[in-house]
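J.: One structure, as structure tokens, below. Some questions next.
Structure (structure tokens):
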């Protein structure tokens with residue numbers, strides 16, 4: 014901004030004009046992400062950075078600097094936060110800061126959810142004999158853990174000279190026909 018003038022035959026007054034620098038901005042400033050791969054919000058997040066009068070230095074999560082071309086990809090003024098990086102975040106709110114060389118650093122707040130369905134509860138069935146010398150019993154359905162509603166078969170085999178007289182149960186109410 015140096016100005017060189019040729020002095021005229023008279024007094025000269027020069028006035029310097031100034032204005033505040035323009036801070037960087039981003040759009041959007043908030044985003045939602047779901048770690049569950051089948052969820053609607055399981056997608057990379059595109060952020061548009063308008064640098065204003067400052068230059069971009071780095072994208073940070075707290076003190077940790079994200080890696081360009083791995084954690085995010087730059088295409089012009091669009092910064093795409095990758096799903097690979099987003100999947101590493103804990104559920105809850107995460108603030109990513111666009112670190113500029115001056116002014117106010119814009120912040121993207123990402124709300125991370127994980128709606129991955131929980132596996133169903135499973136339960137065991139144990140078949141025992143009231144007197145092993147008179148007969149044996151066994152679970153004959155393949156497997157060791159069963160979901161609620163599964164059909165499970167148990168079989169009682171009487172020892173020679175004995176007969177099967179019925180079942181008693183804990184954890185389930187047997188019908189008269191099942192007893």
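Residue numbers (my numbering): 14 to 192.
Virtual Cβ for every residue (Gly too), placed ideally from N, Cα, C.
If you're wondering where the values come from, they're calculated on a predicted model, not measured in any experiment.
Throw me the rounded Cβ distance for the residue 116 and residue 34 pair, which I believe falls under 8 angstroms.
T.: Contact flag correct, Cβ pair sits at about 6 angstroms.
J.: Given this structure, state the Cα-to-Cα distance separating residue 107 from residue 120, to the nearest angstrom.
T.: 10 angstroms
J.: Touch check for the stretch 121 to 130 and the stretch 166 to 176: three-plus C-beta pairs under 8 angstroms?
T.: As far as the Cβ criterion goes, the stretch 121 to 130 does not touch the stretch 166 to 176, which means the pair count is below three.
J.: Does the beta-carbon of residue 119, which I'm using as the reference point, lie nearer than 6 angstroms to any heavy atom of the ligand PLP?
T.: As for the ligand PLP, it is missing from this structure, which has no ligand bound.
J.: Tell me residue 123's beta-bridge partners as DSSP assigns them.
T.: 44, 107
J.: What does the alpha-carbon distance come out to for the pair residue 38 and residue 133?
T.: In this structure, the alpha-carbon of residue 38 lies about 45 angstroms from that of residue 133.
J.: Can you give me the C-alpha to C-alpha distance between residue 136 and residue 49, rounded to a whole angstrom?
T.: 26 angstroms
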